[in-house]
Amino acid sequence: MRLRSLFAVSLLHGPAELLPISSSAHVGLLLRDLDPGGRKELEVAVHAGTLLALGLPRPRLWLVTATVPAAIAGALFERRIEHLGPRSTAFGLVAGGIAMAIADSMGRGQSPPSIPWVGDSPRRGFRGSGTVPGWFSAGVVGLAQAVALVPGVSRHGAALTALRALGFSRADAHALSREASKPVLAGAVALKGWRVVRRGGPLVPLAVSAAGSFLGTRAALRVVGAPPLWPFALYRAALAASVLRMDDRSADRV
Numbered sequence: 628m629r630l631r632s633l634f635a636v637s638l639l640h641g642p643a644e645l646l647p648i649s650s651s652a653h654v655g656l657l658l659r660d661l662d663p664g665g666r667k668e669l670e671v672a673v674h675a676g677t678l679l680a681l682g683l684p685r686p687r688l689w690l691v692t693a694t695v696p697a698a699i700a701g702a703l704f705e706r707r708i709e710h711l712g713p714r715s716t717a718f719g720l721v722a723g724g725i726a727m728a729i730a731d732s733m734g735r736g737q738s739p740p741s742i743p744w745v746g747d748s749p750r751r752g753f754r755g756s757g758t759v760p761g762w763f764s765a766g767v768v769g770l771a772q773a774v775a776l777v778p779g780v781s782r783h784g785a786a787l788t789a790l791r792a793l794g795f796s797r798a799d800a801h802a803l804s805r806e807a808s809k810p811v812l813a814g815a816v817a818l819k820g821w822r823v824v825r826r827g828g829p830l831v832p833l834a835v836s837a838a839g840s841f842l843g844t845r846a847a848l849r850v851v852g853a854p855p856l857w858p859f860a861l862y863r864a865a866l867a868a869s870v871l872r873m874d875d876r877s878a879d880r881v
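Structural data, given as structure tokens:
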């Protein structure tokens, strides 16, 4: 794949990572003709670029609680998840979109009161979020991020669904979801990046991909606010239809 094509795909990955539309589904659709090894290397690079744009995770107890379930699920089911096909991706897109739209429609305009199992004390300077999740909320977000390892579900979308279902405001849910994604991204980049280094992956294409994702994410951060979630559910349904159509065409060519 040409470097400019890699850069363009990576540039699009940034906004897709910040929106609840499944960046993995988009990468899989755009790079369906790329060999599995090359796709894995590209995913490492674009996640590294996104992480650099978002900033490294800070040591917070709730982030640990929100990360452990995804780490355990990844360690136990990584190989099985990697072998899931386009139909599983389409199902994840539709099911995740429906759950997200329902949770958002039931969500409140303000975050819950400061009680230990839902939300702790308000905190300033958290990109518009005034509430830090308690241990129960963080655990639910962690389980949501574990489910989001299935292609199509979307890590951001699953965390948003959990937070809105718990009663967090839309603005808080968006900010907290992005914060919760940082340790998961960091762990994935560290583990899979080490594998790429051991295999001797091509550094120039990976650097170009990381740069594209970094720039795309930084640009998206300036314009992405806390919009309603139902339009994204509709978009996910349309994307699922595209995934299934591409899969049928591939089957016809075989």
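Position one of the sequence shown corresponds to residue 628 (my numbering), numbered consecutively onward. Glycine residues also receive a C-beta, built at the ideal position from the N, C-alpha and C atoms.
Measure from the alpha carbon of residue i to the alpha carbon of each residue in the options, then state which is nearest.
{"i": "Arg782", "options": "Phe763, Ala652, Ala798, Arg826", "result": "Ala652"}
{"i": "Asp731", "options": "Arg849, Ser808, Pro858", "result": "Pro858"}
{"i": "Thr694", "options": "Lys809, Glu668, Gly734", "result": "Lys809"}
{"i": "Gly766", "options": "Met733, Ala717, Leu656, Leu688", "result": "Leu688"}
{"i": "Gly839", "options": "Val673, Ser650, Ser649", "result": "Val673"}
{"i": "Gln772", "options": "Arg805, Pro829, Asp799, Phe795", "result": "Arg805"}
{"i": "Trp762", "options": "Met873, Leu633, Val691", "result": "Val691"}
{"i": "Gly594", "options": "Thr844, Leu776, Val831, Leu861", "result": "Lying outside 628 to 881, the shown extent of the chain, residue 594 is not represented and no answer is given."}
{"i": "Leu901", "options": "Leu770, Leu830, Ser715, Ala846", "result": "This structure does not reach residue 901, given that the chain is present from 628 up to 881, and the question cannot be answered."}
{"i": "Gly676", "options": "Gly784, Ala813, Ile725, Ala867", "result": "Ala813"}
{"i": "Pro854", "options": "Leu645, Ser632, Phe634", "result": "Leu645"}
{"i": "Ala728", "options": "Ser869, Glu709, Arg825, Arg791", "result": "Arg791"}
{"i": "Ala865", "options": "Ile648, Phe841, Arg666", "result": "Ile648"}
{"i": "Asp874", "options": "Gly794, Pro832, Ala717, Gly734", "result": "Ala717"}
With residue i as the anchor, note down where its alpha helix (DSSP H) starts and where it stops.
{"i": "Gly723", "result": "713-733"}
{"i": "His710", "result": "Premise fails: His710 is in no alpha helix (DSSP H) and is neither H nor E."}
{"i": "Ala684", "result": "Here residue 684 is Pro; the residue named in the question, Ala, does not match the sequence. Per DSSP, Pro684 belongs to no alpha helix (DSSP H) and is neither H nor E."}
{"i": "Ala792", "result": "782-792"}
{"i": "Val654", "result": "650-657"}
{"i": "Gly641", "result": "630-645"}
Whole angstroms are fine: how far does the CA of residue j sit from the CA of residue i?
{"i": "Val863", "j": "His640", "result": "The question names Val, yet the displayed sequence has Arg at residue 863. Answer to the nearest angstrom: the Cα atoms are 15 Å apart."}
{"i": "Ala789", "j": "Gly719", "result": "16 Å"}
{"i": "Ala786", "j": "Ala643", "result": "15 Å"}
{"i": "Glu668", "j": "Val823", "result": "6 Å"}
{"i": "Val768", "j": "Pro696", "result": "9 Å"}
{"i": "Ile742", "j": "Val759", "result": "Any reading at Ile742 must be qualified, since the residue scores a pLDDT of 43, below 50, and its modelled position is unreliable; no value is offered."}
{"i": "Val835", "j": "Arg706", "result": "27 Å"}
{"i": "Phe852", "j": "Ile699", "result": "Just to set this straight, residue 852 is Gly in the shown sequence, not Phe. In a straight line, the C-alpha of Gly852 is about 31 Å away from that of Ile699."}
{"i": "Val721", "j": "Arg876", "result": "20 Å"}
{"i": "Pro871", "j": "Ser637", "result": "Position check: residue 871 holds Leu in this sequence, whereas Pro was assumed. Leu871 and Ser637: Cα-Cα distance of roughly 23 Å."}
{"i": "Leu803", "j": "Gly843", "result": "20 Å"}
{"i": "Val816", "j": "Val671", "result": "6 Å"}
{"i": "Ala867", "j": "Gly682", "result": "31 Å"}
{"i": "Ala846", "j": "Ala680", "result": "9 Å"}
{"i": "Gly794", "j": "Ser764", "result": "10 Å"}
{"i": "Pro713", "j": "Ala635", "result": "23 Å"}
Contact criterion: CB-CB distance below 8 Å. Does residue i meet it with respect to chain D?
{"i": "Glu709", "result": "Absent from the structure is chain D; it holds one protein chain and no more."}
Jot down the residue ranges of each uninterrupted alpha helix (DSSP H) in the stretch 824-854, minimum 4 residues, whole runs only, in chain order.
Entirely contained in the stretch 824-854, the alpha helix (DSSP H) runs reaching 4 residues are, in chain order, 830-850.
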